[in-house]
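Using our numbering, you'd call the opening residue of the sequence shown number 131 and step up by one each time.
I have placed the structure first, in the form of structure tokens, so that the comments after it can refer back to it.
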Amino acid sequence: MKKIIHIDMDAFYASVEERDNPSLRGKPVVVGGPPNSRAVVSTANYIARQYGVHSAMPCSVAQRLCPQAIFVPHRFSVYKEISGEIREIFYEYTDLVEPLSLDEAYLDVTLNKYSIPSAIRIAREIKEKIKNKTQLTASAGVAGGKFLAKVASGMNKPDGLTVILPEEAREFLLKLPIGKFFGIGKKTEEKMKSLGIHSGKELFEKSEAELTRFFGKMGGHYFRIVRGIDHSEVRSSRMKKSISTETTFEKDIEDLSILKQKLKSLCDDLERRLQKSNLKGKSFVLKVKYEDFSQVTKSFLFNYYVQNSSDFFDRATQILNSLNTQKKVRLLGVGLSHLNNENQDENQMDLFSSGLNA
Ligand code: TTP
Ligand code: MG
131 MKKIIHIDMD AFYASVEERD NPSLRGKPVV VGGPPNSRAV VSTANYIARQ
181 YGVHSAMPCS VAQRLCPQAI FVPHRFSVYK EISGEIREIF YEYTDLVEPL
231 SLDEAYLDVT LNKYSIPSAI RIAREIKEKI KNKTQLTASA GVAGGKFLAK
281 VASGMNKPDG LTVILPEEAR EFLLKLPIGK FFGIGKKTEE KMKSLGIHSG
331 KELFEKSEAE LTRFFGKMGG HYFRIVRGID HSEVRSSRMK KSISTETTFE
381 KDIEDLSILK QKLKSLCDDL ERRLQKSNLK GKSFVLKVKY EDFSQVTKSF
431 LFNYYVQNSS DFFDRATQIL NSLNTQKKVR LLGVGLSHLN NENQDENQMD
481 LFSSGLNA
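Pasting the structure below:
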């Protein structure tokens, strides 16, 4: 049985702003803006959330819901720095850390650097260290798999520590609303509900064959997670070999200028992913799949590490220009490998082998 911890900072950006500006405390705070603009809310503190303000809502709507809210602009460099600080705390315990965003990560502490047997104790220590180092609170979830750990961390926010023991998992999953299951977004939730599946209980009652018929490959996944079977690995960014993103178009595309626009947004997305994992790479790859499903990948090796879209977009465009223009394009993908984590990789292997020998 694995021991997984999911850590998620509480109202992250907003809490940072309150920390650094005490006059905001006790008031509804919205990070994003300016108010009355088309900009969206990045996050709101818990007071503002009581008025219905939430992430991704247009700021104009947020202001209407909560006219007394104080809007503060982002300070990404500060959030990134804090994110680095909390990751260092995680790495004290294990290198098996999978960050999901600046404020959130999975940790596999089954084997950990201090050989602490209790994942609950580690979670408590990590929360305390985060508090001491950053003056911010985090919520933690502890369970035998990633999915349950993530649900758990959201259950007692803020400053929560929620444990789902293996013997409690079954009952917990049966009661869980269907939209809270991992891999079930808004669309799938609707589809589940139209099939009469509103919670884990009804999901549990469906056969694997039935679920596969309705949901394809994901059917098997839903069948397993509702039974508490969740073997997905914590994938350490320190071990990542490449970072990539791709998109299949709703309609095959012929027009080169449209393809270039798509390529631009893919490159921007790749940049975001690289920044999120704090990684850079040297080998750029463009993947193109055509309407007849034939596929080409072309790569270009930089002699320095790149992370920004502006560094690799021109190169990507050149590659795209050099390709077959007769066929319509079904899918575009971009990626970077030769990442600047390769030495860390070796360190990790060392730590692991000594850990296992101990
Ligand atoms: P979350 O962890 O989703 O939210 P949160 O930390 O603000 O609140 P909670 O206590 O519920 O965890 O996201 C972390 C940060 O990511 C958040 O502070 C701001 C940013 N963010 C956006 O910029 N846009 C978004 O749509 C979301 C969801 C988050
Ligand atoms: Mg959070």
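Here a beta-carbon is modelled for each residue, glycine too, at the ideal position from N, C-alpha and C.
Any heavy atom of the ligand TTP closer than 7 Å to the Cβ of residue i?
{"i": "Leu-186", "result": "Here the sequence assigns Ala to residue 186, which means Leu is not the residue at that position. The answer is yes for Ala-186."}
{"i": "Asp-150", "result": "no"}
{"i": "Pro-158", "result": "no"}
Distance check for residue j and residue i, CA to CA, integer angstroms please.
{"i": "His-361", "j": "Gly-275", "result": "7 Å"}
{"i": "Ala-192", "j": "Ala-141", "result": "16 Å"}
{"i": "Asp-150", "j": "Phe-206", "result": "14 Å"}
{"i": "Leu-450", "j": "Gln-391", "result": "12 Å"}
{"i": "Val-415", "j": "Tyr-209", "result": "30 Å"}
{"i": "Phe-201", "j": "Lys-410", "result": "33 Å"}
{"i": "Ile-137", "j": "Ser-185", "result": "19 Å"}
{"i": "Ile-388", "j": "Ile-355", "result": "40 Å"}
{"i": "Gln-405", "j": "Ala-270", "result": "24 Å"}
{"i": "Pro-158", "j": "Gly-214", "result": "27 Å"}
{"i": "Met-187", "j": "Glu-320", "result": "21 Å"}
{"i": "Asp-475", "j": "Lys-417", "result": "Annotation note: pLDDT 37 at Asp-475 (below 50); position unreliable, coordinate value reported separately. Those two C-alpha atoms are separated by around 26 Å."}
{"i": "Asn-487", "j": "Ile-246", "result": "At Asn-487 the pLDDT is 28, less than 50, meaning the model places this residue with poor confidence and gives no usable figure here."}
{"i": "Tyr-420", "j": "Glu-376", "result": "14 Å"}
{"i": "Glu-338", "j": "Gly-313", "result": "16 Å"}
{"i": "Met-139", "j": "Phe-220", "result": "13 Å"}
{"i": "Lys-394", "j": "Gln-198", "result": "39 Å"}
{"i": "Arg-343", "j": "Gly-330", "result": "18 Å"}
{"i": "Ile-260", "j": "Leu-266", "result": "7 Å"}
{"i": "Leu-325", "j": "Leu-230", "result": "31 Å"}
{"i": "Ser-483", "j": "Gly-163", "result": "Low confidence applies to Ser-483: its pLDDT is 30, below 50, so where it sits in the model is not reliable enough to give any reading."}
{"i": "Ser-374", "j": "Asn-471", "result": "15 Å"}
{"i": "Ile-135", "j": "Leu-396", "result": "31 Å"}
In terms of alpha-carbon separation, which member of the options lies closest to residue i?
{"i": "Ser-283", "options": "Leu-304, Arg-254, Glu-301", "result": "Arg-254"}
{"i": "Tyr-352", "options": "Glu-384, Ile-373, Phe-311", "result": "Phe-311"}
{"i": "Leu-400", "options": "Asp-422, Gly-465, Glu-363", "result": "Gly-465"}
{"i": "Leu-241", "options": "Leu-278, Leu-226, Gln-437, Arg-354", "result": "Leu-226"}
{"i": "Asn-433", "options": "Ser-413, Glu-297, Ala-273", "result": "Ser-413"}
{"i": "Ile-212", "options": "Thr-342, Ala-268, Leu-462", "result": "Ala-268"}
{"i": "Val-161", "options": "Thr-224, Gly-315, Ser-145, Asp-233", "result": "Ser-145"}
{"i": "Asn-262", "options": "Asp-233, Ile-250, Ile-216, Val-436", "result": "Ile-216"}
{"i": "Ser-190", "options": "Asn-166, Lys-257, Val-459", "result": "Asn-166"}
{"i": "Leu-295", "options": "Ser-172, Lys-323, Gly-358", "result": "Gly-358"}
{"i": "Asp-233", "options": "Met-348, Pro-307, Lys-257, Gly-163", "result": "Lys-257"}
{"i": "Ile-383", "options": "Tyr-176, Asp-422, Lys-305", "result": "Asp-422"}
{"i": "Asn-454", "options": "Ile-177, Asn-471, Arg-403, Asp-385", "result": "Asp-385"}
{"i": "Lys-287", "options": "Glu-228, Tyr-176, Ser-439", "result": "Tyr-176"}
{"i": "Ala-235", "options": "Ala-279, His-204, Ser-248, Tyr-244", "result": "Ala-279"}
At a cut-off of 7 Å, is residue i close to the ligand MG when judged by its beta-carbon and the heavy atoms of the ligand?
{"i": "Met-348", "result": "no"}
{"i": "Met-285", "result": "no"}
{"i": "Glu-363", "result": "no"}
{"i": "Met-139", "result": "yes"}
{"i": "Phe-379", "result": "no"}
May I ask which residues mark the beginning and end of the beta strand (DSSP E) holding residue i?
{"i": "Met-139", "result": "134-139"}
{"i": "Lys-412", "result": "411-420"}
{"i": "Ile-200", "result": "200-202"}
{"i": "Leu-291", "result": "291-293"}
{"i": "Val-281", "result": "It is not in any beta strand (DSSP E) - Val-281 instead sits in the alpha helix (DSSP H) that spans 276-283."}
Could you please give the first and the last residue of the uninterrupted alpha helix (DSSP H) stretch that includes residue i?
{"i": "Ile-212", "result": "206-223"}
{"i": "Phe-312", "result": "First-last for Phe-312: undefined, no H or E at that position."}
{"i": "Leu-303", "result": "296-305"}
{"i": "Ala-492", "result": "What is shown of the chain runs 131 to 488, which leaves residue 492 out entirely."}
{"i": "Val-183", "result": "Here Val-183 belongs to no alpha helix (DSSP H), and DSSP marks it neither H nor E."}
Those runs of the alpha helix (DSSP H) which lie wholly inside the region 333-395 and span at least 4 residues: Qualifying alpha helix (DSSP H) stretches, in chain order: 338-345, 347-355.
What residue ranges within the region 422-478 form continuous beta strand (DSSP E) runs of no fewer than 3 residues, ordered along the chain? The DSSP assignment places complete beta strand (DSSP E) segments of no fewer than 3 residues inside the region 422-478 at 425-436, 459-469, in order along the chain.
Where are the alpha helix (DSSP H) runs, 4 residues long or more, that stay fully inside the region 232-271, in chain order? Counting only runs of 4 or more, we get 249-264.
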